[in-house]
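Contents: one structure, followed by commentary.
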């Protein structure tokens with residue numbers, strides 16, 4: 685029994701290491717800036733109920749990290765890794781400051797914006813930022829080839845589960861029609 689547990693632990697450690705290594709090989713949208721250089725805040729959620737990277741609702745508290753002196757929750761491990769690489773791009777030091785910064789930002793369309801005007805959603809315009817093969821159609825970040833979907837007769841890939849659901853809900857908004 686002891687050997688079975690050890691083997692399982694080793695297998696788990698190796699798979700997590702491989703995932704982390706593969707994720708680190710892809711450039712992220714908010715690359716780390718040299719010290720002293722101002723970082724543009726591109727956060728989209730509060731880090732408690734919504735993911736600070738995508739703005740997606742947080743369904744469980746499994747993906748969490750202590751960043752900027754506070755506990756922050758994410759929708760997936762990829763978002764957590766992105767925030768760890770450049771916390772100032774997605775987070776403010778306090779939850780109150782985070783909420784204030786989000787309110788001050790112009791209302792964004794696309795990834796994670798589930799609170800937009802329903803009339804605006806009905807006249808759906810094209811929001812795609814990537815090709816769905818190498819770059820996520822929602823965020824424009826490199827895709828995870830394990831996150832594959834199909835819509836309108838097209839196979840596409842995305843960077844995270846939240847984007848997969850978003851494209852499935854509104855494929856015409858994120859995928860270019862085949863000719």
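In my numbering, the protein residues as written are 685 to 863.
A virtual CB, placed ideally from N, CA and C, is assigned to each residue, including glycine.
Please read all numbers here as calculations on a predicted model, not as lab measurements.
Extent of the continuous alpha helix (DSSP H) to which residue i belongs
i: residue 846; result: 845-853
i: residue 769; result: 761-769
Host beta strand (DSSP E) of residue i (start-end)
i: residue 786; result: Counting along the chain, residue 786 falls outside any beta strand (DSSP E), though it belongs to the alpha helix (DSSP H) covering 779-788.
i: residue 832; result: 828-835
i: residue 840; result: 838-842
i: residue 751; result: 748-751
i: residue 755; result: 754-757
Beta-carbon proximity of residue i to residue j, cut-off 7 Å
i: residue 782; j: residue 730; result: yes
i: residue 849; j: residue 760; result: no
i: residue 785; j: residue 774; result: no
i: residue 765; j: residue 756; result: no
i: residue 751; j: residue 777; result: no
i: residue 763; j: residue 723; result: no
Contact set for residue i: own chain, Cβ-Cβ below 7 Å, skip 5 residues either direction
i: residue 851; result: 821, 822, 833, 835, 840, 842, 858 and 859
i: residue 789; result: none
Sequence-distant residues of its chain with Cβ nearer than 6 Å to residue i (five each side left out)
i: residue 713; result: Low confidence applies here, because residue 713 scores a pLDDT of 44, under 50, leaving its location unreliable; read the following figure in that light. Excluding positions up to five away in sequence, the list reads 825.
i: residue 686; result: none
Contacting residues, own chain, Cβ-Cβ under 8 Å from residue i (five flanking each side not counted)
i: residue 779; result: 730, 731, 732 and 754
i: residue 831; result: 841, 842, 843, 844, 845, 847 and 848
i: residue 827; result: 814, 816, 817, 818, 819, 820, 841, 842 and 843
i: residue 829; result: 841
i: residue 688; result: none
Integer-rounded CB distance, given that residue j should sit under 8 Å from residue i
i: residue 734; j: residue 726; result: About 14 Å; that fails the 8 Å criterion.
i: residue 758; j: residue 744; result: No, residue 758 and residue 744 are not in contact; Cβ-Cβ is about 10 Å, not under 8 Å.
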